[in-house]
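Engineer: Attaching a single structure in structure tokens format; questions to follow.
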Amino acid sequence: MLHTYRALPLFLFMFFLLAACASESAKEGEKEVNVLFNFSTNSLDPHVDTSYVSLRAGITETLVHLNDEDLSIEPWLAKSWKSQDGQVWEISLKEGVTFQNGKPMDGKAVKASLERAMKDSLAVKNALRIESIEAKGNLLIIRTEMPFPEFPSELVHPNTSIIDVKERDYRNKPIGTGPFAVANFMPGTRVDLVRYDSYWDGAAKLETARFSFNEDANARSLALKSGDADIVFRPEVESLADLEAMDTIKVDSTPTFRVHQITMNLEKKALQDIHVRKAIDAVIDRPSIVDTILQGHAEVAKGPFPSSFSFAPDYPKKESGMEAARMYLEKAGYRKVGGVLKRNGKPLKLSLLTYSSRADLPLIAQVFQSDAGRLGIDVEIKQIDIPEEYMAANRDWDLATYSNLTAPRGDAGYYLNATYHPKGALNFSGVIDDHLTTLIDTLNVTVDQDKRSELAEGIAMYVDEQVYNSFILHPNTLVAYDSDKVKNWVTSRSEYYMLTNELDVL
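Position one of the sequence shown corresponds to residue 403 (the working numbering), numbered consecutively onward.
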């Protein structure tokens, strides 16, 4: 039987706090909506916040936008872009755009914002690969360190959001160009928003909004049922039937570009043996996890990319199951002694990180712990808060349940660079593979889309052969909302765009 983690006193405190906050903020007759999100943040700084709250809450915007329908990139704050050689780029900015303090968003301001993002975030610096930026009115001339055909797609990333860097309270009140400005921010709890009347794409239909945080999926579901939240991101899966039975609640289950995976720390000696990695991969019962933990709201993963993507290869059938796992462990030199798996007299013990803001990950960790235990592997589960921060700063772990958007710009380059390149911001495994790096560098300078897809397929196949990570499933994004109140809500596949100027209440 699966058991979810419960911290009743904390849950009750957060639930009643949310209710109190909702009642104190709503004004008579005011058009307001309360979105309850599953990740909290202590900072609204769009250049470093890994929860991307500033973009999701409509505070900031990026130069380039991702079209959810066809995965193409399209203008947003940028009007157009062009390059003759893939290295020198001319980016024309939209005219008439102002920051929420009324100042114009011109080339000089955008240049300063991008330079500040690269200065404060190594991940942004490595992703953009910008050598120089020149501003001429509303025109930017950007030179990258090398030919980089996919450079515009990198400008979709929330951490490249454009802000007025002269307003220096980035953490609590970034000044962006979006339809909503920050009225008040309570770190870890909520951000209150007010309509920016001079928004370049037309003032928002809502007067105010609240973007709240609660990492307990059950609490989020209860908040929607009680009316203390209008839109809930990732409600508890077990509550979906009850929510769908309510006449006023609509539940969206939308396929996305996300993958749940087990990240392997290749600095650990045991995991440097490919047979151990194959055993870990083989023991994962993916169909069962999809059916029980996700209740069918997911696709079994064969690799990092959903099967609908052009660059998702046709993987060969793998050996899987307990017997296959035992076979791989035997090849690695392990033998079961007194119920414990040992090699050279040393037991195989693994530390597994997980985090509760994605409620299904701790459950997946428990299932893995149980199945690995049947093989004689001692798995210790450790709960953490912010996985990116913990895995980047600590190497005292062997495995981690982790969830990542693998193609948020409609291209394989983002995930492959971030996860497997030595300079990748999400290379928590510590992969250093010269052959793989060469393949990724070749992809980065390839322009033709068919050729890019072919190269990406080959890289994904190589990663699969090396079992650098184990891919479990592609979860749907689940959003539930009060359909009697909320109008024009769109559950985006990218998970980037939430509070828009079109969102309304009846």
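Think of the CB as a built atom: it goes at the ideal place given N, C-alpha and C, for glycine as much as any other residue.
Would Lys889 count as contacting chain B if we go by Cβ distances under 7 angstroms?
Structural biologist: Checking the listed chains, one finds no chain B in this structure; it contains a single protein chain.
Engineer: Given 8 angstroms as the limit, is there contact between the stretch 681-696 and the stretch 820-831, that is, 3 or more CB pairs closer than that?
Structural biologist: Too few Cβ pairs lie closer than 8 angstroms, so no.
Engineer: Using the beta-carbon count (16 or more within 10 Å), is His699 buried or exposed?
Structural biologist: Counting from 1 along the sequence shown, the entry for residue 699 is found at position 297. With 16 or more Cβ atoms within 10 Å of its Cβ, His699 is classed as buried.
Engineer: Quick one: complete alpha helix (DSSP H) runs, 4+ long, within the stretch 500-564?
Structural biologist: If we require 4 residues or more, the alpha helix (DSSP H) runs fully inside the stretch 500-564 come out as 509-522, 524-530 and 553-556.
Engineer: Would you give the residue range spanned by the beta strand (DSSP E) that Ser494 belongs to?
Structural biologist: Residue 494 sits at position 92 when you count from the first residue of the sequence shown. Start and end: Val490 to Leu495.
Engineer: Measure the alpha-carbon distance for Lys751 versus Ser855 and round it to whole angstroms.
Structural biologist: Here residue 751 corresponds to residue number 349 of the sequence shown, with the count starting at 1. Here residue 855 corresponds to residue number 453 of the sequence shown, with the count starting at 1. Going by the C-alpha atoms only, they are around 39 angstroms apart.
Engineer: Count the other CB atoms within 10 Å of the CB of Ala480; is the residue buried (16 or more) or exposed (fewer)?
Structural biologist: Position 78 of the sequence shown, counted from the start, is the residue given in the question as residue 480. Buried is the call here.
Engineer: Express the C-alpha separation of Val769 and Gln868 in angstroms, rounding to a whole number.
Structural biologist: Locating residue 868 in the sequence shown gives position 466, counting from the first residue. Locating residue 769 in the sequence shown gives position 367, counting from the first residue. Each residue's Cα considered, the two are about 24 angstroms apart.
Engineer: Where Thr464 and Ile842 are concerned, what is the direct C-alpha to C-alpha distance, given to the nearest angstrom?
Structural biologist: The residue given as residue 464 occupies position 62 in the sequence shown. The residue given as residue 842 occupies position 440 in the sequence shown. Between Thr464 and Ile842, the C-alpha separation is close to 25 angstroms.
Engineer: Just to check my reading of the structure: Phe582 and Ile461 have Cβ atoms closer than 8 angstroms, yes? What is that Cβ distance to the nearest angstrom?
Structural biologist: As a position in the sequence shown, residue 582 is number 180, starting the count at 1. As a position in the sequence shown, residue 461 is number 59, starting the count at 1. The pair is a contact, with the Cβ atoms about 6 angstroms apart (cut-off 8 angstroms).
Engineer: Quick one: what's got a C-beta closer than 7 angstroms to Asn586's C-beta in the same chain, skipping five residues either side?
Structural biologist: Position 184 of the sequence shown, counting from 1, holds the residue named residue 586. Excluding sequence neighbours, Asn586 sits near Asp594.
Engineer: Here's the rule I'm using: 16 or more other beta-carbon atoms within 10 Å means buried, otherwise exposed. How should His876 be labelled?
Structural biologist: By 1-based counting over the sequence shown, the position of residue 876 is 474. Burial call: buried.
Engineer: Just checking my contact of Ile577 with Phe501 at CB under 8 angstroms: how many whole Å lie between their CB atoms?
Structural biologist: Along the sequence shown, read from residue 1 onward, the residue named residue 577 stands at position 175. Along the sequence shown, read from residue 1 onward, the residue named residue 501 stands at position 99. The pair is a contact, with the Cβ atoms about 5 angstroms apart (cut-off 8 angstroms).
Engineer: Give the straight-line distance between the Cα atoms of Asn890 and Asp835, rounded to the nearest whole angstrom.
Structural biologist: Here residue 890 corresponds to residue number 488 of the sequence shown, with the count starting at 1. Here residue 835 corresponds to residue number 433 of the sequence shown, with the count starting at 1. Using only the alpha carbons, I get a separation of about 47 angstroms.
Engineer: Where Ser894 and Leu777 are concerned, what is the direct C-alpha to C-alpha distance, given to the nearest angstrom?
Structural biologist: Your numbering for residue 894 matches position 492 in the sequence shown. Your numbering for residue 777 matches position 375 in the sequence shown. Roughly 41 angstroms between the two C-alpha positions.
Engineer: Given this structure, state the Cα-to-Cα distance separating Gly498 from Pro506, to the nearest angstrom.
Structural biologist: For the purposes of this step, residue 498 is taken as residue 96 along the sequence shown, with counting starting at 1. For the purposes of this step, residue 506 is taken as residue 104 along the sequence shown, with counting starting at 1. Distance between the alpha carbons of Gly498 and Pro506: 7 angstroms.
Engineer: Give me the Cα-Cα distance between Ala459 and Ser523, rounded to the nearest whole angstrom.
Structural biologist: Indexing the sequence shown from 1 puts residue 459 at position 57. Indexing the sequence shown from 1 puts residue 523 at position 121. Ala459 and Ser523: Cα-Cα distance of roughly 21 angstroms.
Engineer: How many angstroms separate the CA atom of Gly509 from the CA atom of Ser482?
Structural biologist: Here residue 509 corresponds to residue number 107 of the sequence shown, with the count starting at 1. Here residue 482 corresponds to residue number 80 of the sequence shown, with the count starting at 1. Going by the C-alpha atoms only, they are around 13 angstroms apart.
Engineer: Quick check: is any heavy atom of the ligand GDP less than 6 angstroms from the C-beta of Gly740?
Structural biologist: Judged by which ligands are present, the structure shown has none, so any question about the ligand GDP falls away.
Engineer: What is the residue span of the alpha helix (DSSP H) that Glu721 lies within?
Structural biologist: As a first step, residue 721 is located in the sequence shown; it is residue number 319 there, counting from the start. Element bounds for Glu721: n/a, residue is neither H nor E.
Engineer: Which of the three DSSP states is assigned to His837 in this structure?
Structural biologist: On the sequence shown, position 435 is the one that residue 837 refers to. Residue state, collapsed to three classes: helix.
Engineer: Any idea what DSSP makes of Arg680, helix, strand or coil?
Structural biologist: By one-based count along the sequence shown, residue 680 stands at place 278. The sequence given here has Lys at residue 680, not Arg. The answer is helix: DSSP assigns Lys680 an H, G or I state.
Engineer: Within 10 Å of its beta-carbon, does Ala428 have 16 or more other beta-carbons around it, so buried, or fewer, so exposed?
Structural biologist: As a first step, residue 428 is located in the sequence shown; it is residue number 26 there, counting from the start. Summary for Ala428: the model assigns pLDDT 45, below 50, so the residue's position carries little reliability; its value from the coordinates is reported in the next sentence. It is exposed - the Cβ of Ala428 has fewer than 16 other Cβ atoms within 10 Å.
Engineer: Taking 6 angstroms as the limit between beta carbons, can you name the residues of its chain near Leu807, skipping five residues before and five after?
Structural biologist: Residue 807 sits at position 405 when you count from the first residue of the sequence shown. Contacts found: Phe659 and Arg660.
Engineer: Less than 7 angstroms separating the beta-carbons of Val907 and Tyr870?
Structural biologist: If you number the sequence shown from 1, residue 907 lands on position 505. If you number the sequence shown from 1, residue 870 lands on position 468. No, Cβ-Cβ distance for Val907 and Tyr870 is not below 7 angstroms.
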